[in-house]
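Asks: Chains as they are written, first to last, in our numbering: chain D, 146 to 411; chain Z, 146 to 411.
There are 2 protein chains.
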Amino acid sequence: MALDLKKRGFAESVVGVDTNEKNAQRAMELGIVDEITGIEGAIKMVDVIILAVPVDATIELINKILPQINMQVLIDVGSTKEPIVKAANLHENRKQFVAAHPMAGTEFSGPDAAISGLFDDKAVILCEKEKSSEQALKLACDMFSILKMRQIEMNAQNHDVHAAYISHISHISSFALALSVLHKEKDEKSIFEMASGGFASTVRLAKSSPDMWAPIFLQNKKNVTEVLDTYINFLYEFKLALFNNDQGRLMDLMTMANKIRPILDS
Amino acid sequence: MALDLKKRGFAESVVGVDTNEKNAQRAMELGIVDEITGIEGAIKMVDVIILAVPVDATIELINKILPQINMQVLIDVGSTKEPIVKAANLHENRKQFVAAHPMAGTEFSGPDAAISGLFDDKAVILCEKEKSSEQALKLACDMFSILKMRQIEMNAQNHDVHAAYISHISHISSFALALSVLHKEKDEKSIFEMASGGFASTVRLAKSSPDMWAPIFLQNKKNVTEVLDTYINFLYEFKLALFNNDQGRLMDLMTMANKIRPILDS
């Protein structure tokens, strides 16, 4: 975001705050941020604060930052929304906060993973817009427009259901797939010689950061558990069809799954 | 294969055989094949026969073709190997057959899905090489060299174990993921508005052909069931850690899964 907001003239200058000193230095070297400082100092220097940290830290930082700001706008970009808006709603200064989830990312993290254009044409979900001030909301919307994102409004509860189905389960599915193959590799040394494009694509997300994902799964526990149950049930449907040598049922399951085609191609 | 074998001078001419007349015509239009004929006629015209059909049809065609050929070489490119070599081994003419699995493909099928360079730098598994004649094996190896594939030797049984873990489970995982989200979509109409790169990547294989995959899963039932059980167990590990609010266990599972990184990046 810093890269594109500077390149496209939205940000004159970007101040970085990071608990990890190496990452902070690296972000300076790469020109992603113009200076590094502590959080207290940064709050006083900026017009917009973007919280891009694990979602448990997001809540801590909202509690810390909201009471300290006046006209600055605080935007979070975390992958859960209900626990985050609940935290923000406890503050008198709620109106300076905008809850957002830009649906874009890669399996990589840290400053070296920053790429320009990541958000172009992707969706950003904005939650509880009515609780943000006109000024804060306008600034956030302008920012996401500069990032070329499609803006979608949704309540926080629905967001978390959808995110569980569209994003969180994909990650668990991928982590579990990696674990299954790594488990087998103990006995079958050359198993990865055969890895091809299909494997790489389904397992890609298993490279993702545990620091980022553990708090997401826990904050969205109810929905993630629901989709996990649905997912496991469909896997059992495949197992049962196999057990029964039921080619017709296997074909039916896959034909139903094929209905994802127009959605992925659109 | 036809595209690259012609372009790179290995094949003077390619004769197409397809039970689907539309696909046959389309392959002609696209210049993938030079003529279309029936299977009996084709056998007499060619030096090499490549069986690229669903794996149940592969076995039927081996039984039909092997007794009819002399110096022609019959190569199958199916995703299972044990049932296929077992079928071939029943024939006197076994030595003219080469069992191969080029580990490359896309989620698309039919002549319009043909792309040049698909096999470059990918692995091809050759099984039971010792049962093929020197002439047949040399021809198959030359062909896969022209296709720029890394040749790996493996017995058919090991191949089927590895293929279950590296390829077949990725497909089931992806089909089940698509089914889960499509199932939820009945209640949550706008769920796909949020779909992003991570979703597309894990669900891509759910577009694959049921005709191709049902026979693969059934022929490799034992190994596919084993990897499905392992996979479901790891999903339950995630569910249990969530149930216990056990952030440490979630982190451990994901950190173990992260060990897939150097393998995917190599």
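Where is the CB? At the ideal position from N, CA and C, for every residue including glycine.
#1: Span of the alpha helix (DSSP H) holding Asp221(D)?
#2: List the residues that DSSP assigns as beta-bridge partners of Glu298(Z).
#3: Would DSSP call Ala345(D) helix, strand or coil?
#4: Starting from Pro407(D) and walking both ways along the alpha helix (DSSP H), at which residues does that stretch end?
#5: Distance, Cα to Cα, Lys274(Z) vs Leu324(Z)?
#6: State the DSSP-derived secondary structure class of Leu177(Z), mapped to helix, strand or coil.
#7: Residues in its own chain within less than 6 Å of Met248(D) by CB, not counting five upstream and five downstream?
#8: Under 8 Å, do Ile210(D) and Ile195(D) count as touching if we go by C-beta distance?
#9: Compute the distance between the beta-carbons of Leu395(D) and Phe362(Z), then report whether it is under 8 Å.
#10: If we ignore side chains and look at the alpha-carbon of each, how far apart do Asp356(Z) and Pro407(D) end up?
#11: Are there 16 or more other CB atoms within 10 angstroms of the CB of Arg349(Z), so buried, or fewer, so exposed?
#12: First and last residue of the beta strand (DSSP E) that includes Ala245(D)?
#13: Between which residues of its own chain and Val198(D) is the CB-CB distance below 7 Å, once the five residues before and five after are set aside?
#14: Assign Val427(Z) to one of three DSSP states: helix, strand, or coil.
#15: Using the rule of at least 16 other Cβ atoms within 10 Å of the residue's Cβ for burial, across every protein chain shown, is Gln302(D) buried or exposed?
#16: I want to verify the contact list: residues of chain Z whose CB lies under 9 Å from the CB of Pro355(D), in sequence order.
#17: Could you check if Glu185(D) is buried or exposed, using at least 16 other CB atoms within 10 Å of its CB as the buried criterion?
#18: For Asp179(D), which residues in the same chain have their Cβ closer than 6 Å to its Cβ, ignoring the five residues on either side in sequence?
#19: I want to see whether chain D comes within less than 8 Å of Phe289(Z), judged by CB atoms only; does it?
#20: By a C-beta neighbour count over all protein chains shown, 10 Å radius and 16 as the cutoff for buried, is Asn365(D) buried or exposed?
#21: Return no unless some Cβ of chain D is closer than 8 Å to the Cβ of Phe344(Z).
#22: Can we say the stretch 383–393 of chain D touches the stretch 227–240 of chain D, given the rule of at least three CB pairs closer than 8 Å?
#23: State buried or exposed for Ala258(Z), treating a residue as buried only when at least 16 other CB atoms are found within 10 Å of its CB.
#24: Considering only DSSP beta bridges, list what Val193(Z) is partnered with.
#25: From Phe383(D) to Thr375(Z), what distance separates their C-alpha atoms?
#26: Is it the case that the stretch 326–340 of chain Z contacts the stretch 307–314 of chain D, given that we only count it when at least three CB pairs across the two stretches are under 8 Å?
#27: I'd like to check one pair, Met399(D) with Phe320(Z): are the Cβ atoms closer than 8 Å?
#28: What does Lys283(D) touch in chain Z if you count any residue whose Cβ is under 8 Å from its own?
#29: Check for me: the alpha helix (DSSP H) holding Met396(Z) runs from which residue to which?
#30: So the candidates are Gln241(Z), Phe289(Z), Ser354(Z) and Ser254(Z); which of them puts its Cα closest to the Cα of Phe264(Z)?
#31: Below 7 Å CB to CB, which residues in the same chain sit around Ala277(D) once its five sequence neighbours on both sides are set aside?
#32: Identify whether Gly161(D) lies in helix, strand or coil by the three-state DSSP scheme.
#33: With DSSP collapsed to three states, give me the class of Phe253(D).
#34: Is the separation between the beta-carbon of Gly255(Z) and that of Asn168(Z) shorter than 8 Å?
#35: Which runs of the alpha helix (DSSP H) spanning at least 4 residues fall entirely within the stretch 340–387 of chain D, listed in chain order?
#36: Hey, quick one: how far does the alpha helix (DSSP H) through Thr203(Z) stretch, first residue to last?
Replies: According to the structure shown:
#1: Looking at the DSSP string, Asp221(D) is not in any alpha helix (DSSP H); the run it does join, the beta strand (DSSP E), is Val218 to Asp221.
#2: Leu271(Z)
#3: In the three-state reduction of the DSSP assignment, Ala345(D) falls in the helix class, which pools H, G and I.
#4: Arg406 to Asp410
#5: 40 Å
#6: Looking at the sequence shown, residue 177(Z) is not Leu but Ile. Here Ile177(Z) sits in coil by DSSP.
#7: Here the set comprises Lys267 and Ala268.
#8: Cβ distance not < 8 Å, so Ile210(D) and Ile195(D) don't count as in contact.
#9: yes
#10: 19 Å
#11: buried
#12: Unbroken beta strand (DSSP E) run through Ala245(D): Phe242 to Pro247.
#13: Leu206
#14: What is shown of chain Z runs 146 to 411, which leaves residue 427(Z) out entirely.
#15: exposed
#16: Leu395, Met396, Asp397, Leu398, Met399, Thr400, Ala402 and Asn403
#17: exposed
#18: Here the set comprises Ser158 and Val159.
#19: Answer no: the Cβ-Cβ gap between Phe289(Z) and chain D never drops below 8 Å.
#20: buried
#21: yes
#22: no
#23: Only exposed fits Ala258(Z), as fewer than 16 other CB atoms lie within 10 angstroms of its CB.
#24: Residue pairing for Val193(Z): DSSP places it in a beta bridge opposite Val218(Z).
#25: 14 Å
#26: yes
#27: Cβ atoms of Phe320(Z) and Met399(D): closer than 8 Å.
#28: What Lys283(D) touches in chain Z: nothing, since even the nearest Cβ is about 23 Å away.
#29: Gln392 to Ala402
#30: Measuring from the Cα of Phe264(Z), the nearest candidate turns out to be Phe289(Z).
#31: The sequence given here has Ser at residue 277(D), not Ala. Answer for Ser277(D): Lys240, Phe242 and Val243, listed in chain order.
#32: Three-state DSSP puts Gly161(D) in a strand.
#33: coil
#34: yes
#35: 342–348 and 355–364
#36: Run containing Thr203(Z): Val200 to Ile210, per the alpha helix (DSSP H) assignment.
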